[in-house]
Amino acid sequence: MISTALQVFLYALANAVLSELIGYHFVYKRDDYQSIKAGLERTTKRLAAEEANETNRSNQRKRQRRIDELKKQVQVYNGKASGKSMRLSLVTAALQIATFYYMSNYAFPNITVAKLPFTPFGFVQGLSHRGLDSDDYTDCSAAFLFLMASLFIRAFVQRYGNWSIRKASPFAQALEQAKEANL
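In this text, residue positions in the sequence shown follow numbering that gives the first Met the number 0: the first is 0, and each later residue adds one.
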């Protein structure tokens with residue numbers, strides 16, 4: 000017999016894979032999304048090459064104008080890609096909510112699936128103890144385990160699926176802005 004925690008983990012795995020397959024079918028493999036992705040990659044390469052290119056002072060204004068124009072194009076491509084993947088986010092959220100509701104109310108009602116090594120605080124306690132009748136707040140419900148496992152698994156599936164456009168790290172953006180401010 001499979002343990003309850005493993006069953007919850009398998010539900011989370013199936014949910015993440017199913018939502019990514021839906022995303023691949025309806026968004027990522029479409030020609031319009033592929034053209035946006037290719038345009039973004041092409042523009043990003045041109046921007047990196049232009050930023051790496053050192054010119055004399057007379058061409059500095061032209062160079063800066065081209066860099067600004069390329070940055071605007073990158074923003075436009077990112078906006079188009081975000082618009083395409085917004086519908087996917089809504090479908091994925093609906094699938095997550097439906098599975099979460101099913102797990103907490105029908106599949107594993109009032110069943111402790113794990114024991115936490117600490118007592119959760121505040122709003123986390125409401126999530127981790129959802130649907131349980133016991134007074135021991137270190138008990139973990141199936142809904143909380145499903146939520147945590149889904150977040151973990153979905154990140155890996157998205158990373159290794161390699162279908163979506165990679166977003167720039169906010170830390171890298173902040174570092175770049177700090178470098179520009181110091182120049």
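Backbone N, C-alpha and C fix where the C-beta goes; we use that ideal spot for every residue, glycine too.
Pairwise C-alpha distance: residue j and residue i
| i | j | result |
| --- | --- | --- |
| Phe120 | Lys70 | 43 Å |
| Leu183 | Arg60 | Past the edges of the chain, shown from 0 to 182, lies residue 183, and the structure says nothing about it. |
| Asn77 | Gln6 | 38 Å |
| Gly160 | Val75 | 24 Å |
| Ala48 | Asn58 | 15 Å |
| Ala4 | Val156 | 20 Å |
| Arg153 | Tyr10 | 12 Å |
| Gly82 | Asp132 | 43 Å |
| Met102 | Ala113 | 15 Å |
| Ala106 | Tyr100 | 9 Å |
| Leu46 | Glu40 | 10 Å |
| Asp135 | Arg158 | 37 Å |
| Thr111 | Cys139 | 6 Å |
| Ala93 | Ser34 | 28 Å |
| Ile117 | Asn52 | Reading off the sequence, residue 117 comes out as Phe, not Ile. Rounded to the nearest angstrom, the two C-alpha atoms are 54 Å apart. |
| Glu50 | Thr43 | 10 Å |
| Leu144 | Glu68 | 47 Å |
| Tyr23 | Asn181 | 42 Å |
Host alpha helix (DSSP H) of residue i (start-end)
| i | result |
| --- | --- |
| Asp30 | 30 to 51 |
| Tyr27 | That residue, Tyr27, is in no alpha helix (DSSP H); it is neither H nor E in DSSP. |
| Ser149 | 141 to 160 |
Same chain only: Cβ atoms within 8 Å of residue i, ignoring 5 sequence neighbours per side
| i | result |
| --- | --- |
| Met0 | The predicted model places Met0 with a pLDDT of 48, which falls under 50 and marks its position as unreliable; any figure quoted below should be read in that light. Answer for Met0: no residue qualifies. |
| Asp31 | Lys83 |
| Leu12 | Ala148, Ile152 |
Beta-carbon separation (whole angstroms), residue i vs residue j, contact threshold 8 Å
| i | j | result |
| --- | --- | --- |
| Leu125 | Pro108 | Correcting the residue identity first, residue 125 is Gly in this sequence and not Leu. Gly125 to Pro108, Cβ: 17 Å. No contact. |
| Ala183 | Phe8 | The shown model of the chain, from 0 to 182, leaves out residue 183, and the question about it has no answer. |
| Leu115 | Thr98 | Between Thr98 and Leu115 the Cβ distance is about 22 Å, and since that is not below 8 Å, they are no contact. |
| Gln95 | Asn14 | 7 Å |
Close beta carbons around residue i, own chain, < 6 Å, minus the five adjacent residues each side
| i | result |
| --- | --- |
| Asp38 | Note that residue 38 corresponds to Gly in the displayed sequence, not to Asp. Counting only Cβ-Cβ distances below 6 Å, and skipping sequence neighbours, we find Tyr76. |
| Met85 | none |
N- and C-terminal bounds of the beta strand (DSSP E) containing residue i
| i | result |
| --- | --- |
| Ser133 | That residue, Ser133, is in no beta strand (DSSP E); it is neither H nor E in DSSP. |
Own chain partners of residue i with C-beta closer than 7 Å, once the 5 adjacent residues on each side are dropped
| i | result |
| --- | --- |
| Val16 | Val156 |
Could I get the ranges of all uninterrupted beta strand (DSSP E) runs contained in the stretch 57 to 130, with 3 residues as the minimum, in chain order? 111 to 114
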